[in-house]
Each structure stands twice: as C-alpha cells, then as structure tokens.
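>
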Amino acid sequence: MAERISVRKLRPTPEQVTEMITLHVETFFDTGLRRAFWKGGRKSVPAEHAFREGMMLRSLDNPNKHWLAVFLETPLPDGTTHNKIIGFAGWESPDTSGVVKTEEEKQAAREKDLSYRPDEMDKVVQGNFMAEMTPLFEKMGEDSPNGYWILWFLAVDPAHRRKGLARQLTQWGIDEAAKQGKGVILLATPIGLPFYKALGFIKEGEIVLGEETFTGLKIKPPTAPAVSS
Numbered sequence: 006m007a008e009r010i011s012v013r014k015l016r017p018t019p020e021q022v023t024e025m026i027t028l029h030v031e032t033f034f035d036t037g038l039r040r041a042f043w044k045g046g047r048k049s050v051p052a053e054h055a056f057r058e059g060m061m062l063r064s065l066d067n068p069n070k071h072w073l074a075v076f077l078e079t080p081l082p083d084g085t086t087h088n089k090i091i092g093f094a095g096w097e098s099p100d101t102s103g104v105v106k107t108e109e110e111k112q113a114a115r116e117k118d119l120s121y122r123p124d125e126m127d128k129v130v131q132g133n134f135m136a137e138m139t140p141l142f143e144k145m146g147e148d149s150p151n152g153y154w155i156l157w158f159l160a161v162d163p164a165h166r167r168k169g170l171a172r173q174l175t176q177w178g179i180d181e182a183a184k185q186g187k188g189v190i191l192l193a194t195p196i197g198l199p200f201y202k203a204l205g206f207i208k209e210g211e212i213v214l215g216e217e218t219f220t221g222l223k224i225k226p227p228t229a230p231a232v233s234s
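Okay, so the sequence shown: first residue is 6 according to the numbering used here, each after it adds one.
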C-alpha cells in the first residue's frame with residue numbers, strides 16, 4: 006500500500022504534542038519574530054521547545070481549544086501504520102460557559118502565564134509585542150463580542166507544502182466558526198499574509214517588530230439569512 010495523507014481533529018497525546026511543537030519550532034526558526042523573541046539562536050531551541058510544549062499541554066483540557074493535524078500514514082511490513090504529523094493548526098473558539106472572571110482573576114492568570122517564560126526569552130520584546138497584540142485582537146472582535154474564533158497556530162512541514170494542507174487546516178476553522186455564526190481573527194506573518202488574503206481575510210491593523218510587519222486579519226461572522234415574510 007502507498008503512503009496517504011489524512012487530516013484529523015484530535016486531542017493530542019503528550020507524544021503528539023512533542024511532535025507538533027518540534028514541527029512548529031523548526032518551521033518558524035529562521036523568522037524575524039523568532040529571532041526577536043529568543044536569544045542565542047540554536048542554543049535557545051530546547052528552552053523554546055519546553056516553553057511551547059508546556060503551554061500546549063496546559064491547554065489540552067480547555068474545551069475551547071481545537072487541534073487539527075495532518076498525518077502522513079506509511080504502511081509498515083508488519084501490517085501496522087506509522088503516522089507522522091506533517092502539519093497542524095491550533096484554534097480557539099469563544100468561551101460560552103457564561104463564567105465571568107474578575108479583574109483580579111484575569112491579572113492572576115496573566116502573572117501565572119508570565120512566570121513560565123524562560124531566561125532564554127527576551128521578555129521585554131515579548132512583553133511589548135503582547136502589549137500591542139492584545140488590544141489589536143480586542144479591537145478586531147469588538148463588533149461582535151464572543152463572535153470570533155482565533156487561529157493561534159498553523160504549521161506545515163516544508164517538504165509537504167503546496168499540497169493545499171495549510172488551506173485545509175485554515176478552512177476547517179473558518180467553516181466550524183461559520184456553523185456557530187462566528188467569524189475568525191488571526192495575526193499573519195509577512196510570509197503568510199498573501200495566503201490569508203486569498204482566503205478572504207481583511208486587514209484590521211498592524212504590529213511592527215523590527216523590519217517585519219504583522220497584520221491583524223479577520224473574516225466577519227456570516228450575515229444571518231433574511232427571514233421570509
């Protein structure tokens with residue numbers, strides 16, 4: 006049997022989390038954002054990997070987090086199949102639990118998140134970037150509170166690009182959001198901007214970091230169908 010590619014929604018196992026984070030770190034290693042956030046080049050990769058892996062593992066019990074992965078399925082001589090993750094997307098849907106956190110609870114959560122940052126990270130650069138990204142995302146979603154899904158992660162193995170995999174991973178979230186009457190927002194890298202614009206995303210704002218510009222994009226919630234009289 007020949008190799009095949011499949012796309013599946015999953016709750017990643019710890020082993021799959023490691024595989025996904027390895028793919029993410031390698032995919033974005035030679036980018037301006039990575040160089041700005043992480044000091045020491047390759048020497049900081051273990052710290053970055055541990056930070057991102059911990060972040061993903063802590064999110065797995067969150068019902069609003071949605072993970073989609075692309076598997077390369079290779080048949081083995083013993084009749085089993087080796088599944089290698091060659092792409093994945095990390096989505097977050099709006100919190101519909103109705104639980105409202107106090108400002109004190111929100112601040113405590115922020116401080117806890119900050120405590121996980123390793124010394125290898127440039128905390129000033131990261132903090133300044135987040136200080137711009139947070140209000141940008143709030144601005145993008147202010148027309149429809151709790152009306153947007155967010156695409157936080159999208160990575161595809163360079164050896165398997167130009168196969169429509171990134172489009173599948175992104176379109177899945179757009180479609181799932183639309184089923185709920187929601188739109189989608191994200192922050193695009195300079196390289197990813199043309200891809201997202203081709204999918205119908207519109208520009209809502211920018212963040213400049215060094216020589217790179219990151220673009221806030223969104224697809225608005227679908228318009229409710231007209232009611233027949």
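The C-beta atom is built at its ideal place from N, Cα and C for all residues, glycine as well.
These numbers come from a predicted model, not from an experiment.
At what residues does the alpha helix (DSSP H) containing residue 194 begin and finish?
Here residue 194 belongs to no alpha helix (DSSP H), and DSSP marks it neither H nor E.
> Thinking C-alpha only, which one of 152, 71, 228 is nearest residue 158?
Comparing Cα-Cα distances from residue 158 to each of 152, 71, 228, the minimum goes to 71.
> Name the DSSP bridge partner or partners of residue 92?
Answer is 75, 161, bridged to residue 92.
> Could you say which of 86, 129, 121 lies nearest to residue 54 if we only look at CA atoms?
Ranking the options by Cα distance to residue 54, first place goes to 121.
> So residue 189 and residue 178 are in contact, right, with Cβ under 8 Å, and what is the actual spacing, rounded?
Contact flag correct, Cβ pair sits at about 6 Å.
> Give me the Cα-Cα distance between residue 98 and residue 219, rounded to the nearest whole angstrom.
So the alpha carbons of these two residues sit roughly 22 Å apart.
> Roughly how many angstroms lie between the CA atoms of residue 129 and residue 78, to the nearest whole one?
Approximately 42 Å between the Cα atoms of the pair.
> Any idea what DSSP makes of residue 123, helix, strand or coil?
Here residue 123 sits in coil by DSSP.
> Looking only at its chain, what residues have a beta carbon closer than 6 Å to the beta carbon of residue 206, apart from the 5 residues adjacent to it on each side?
So the list reads 222, 224, once near-sequence residues are dropped.
> Curious, which full-length alpha helix (DSSP H) runs of at least 4 residues does the segment 12-39 contain?
Listed in chain order, the complete alpha helix (DSSP H) runs (minimum 4 residues) inside the segment 12-39 are 19-32.
> My understanding is that residue 174 touches residue 73, with C-beta atoms under 8 Å, so please give their C-beta distance in whole angstroms.
With 8 Å as the limit, residue 174 and residue 73 qualify as a contact, their Cβ atoms being about 6 Å apart.
> Can you tell which of 20, 147, 204 has its C-alpha closest to the C-alpha of residue 58?
When each option's Cα is compared against that of residue 58, the closest is 20.
> May I ask you to verify whether the segment 32-45 touches the segment 95-113, counting CB pairs closer than 8 Å and requiring at least 3?
Cβ pair count under 8 Å is below three, so no.
> What residue from 69, 37, 38, 89 has the CA that sits closest to residue 4's CA?
Summary: the structure shown does not reach residue 4, with the chain confined to residues 6 through 234, and so no result is reported for it.
> So for residue 284, helix, strand or coil by DSSP?
Absent from the model: residue 284. The displayed extent of the chain is 6 to 234, so no value can be given.
> Looking at the secondary structure, which residues open and close the beta strand (DSSP E) in which residue 65 lies?
No beta strand (DSSP E) contains residue 65, which DSSP labels as neither H nor E.
> Let me know the secondary structure DSSP gives residue 47 once reduced to three states.
Correct three-state label for residue 47: helix.
> Once you ignore the five residues that flank residue 165 on each side, which residues in its own chain have a CB closer than 8 Å to its CB?
Counting only Cβ-Cβ distances below 8 Å, and skipping sequence neighbours, we find 10, 75, 77, 91, 92.
> According to DSSP, which residues form a beta bridge with residue 214?
In DSSP, residue 214 forms a bridge with 217.
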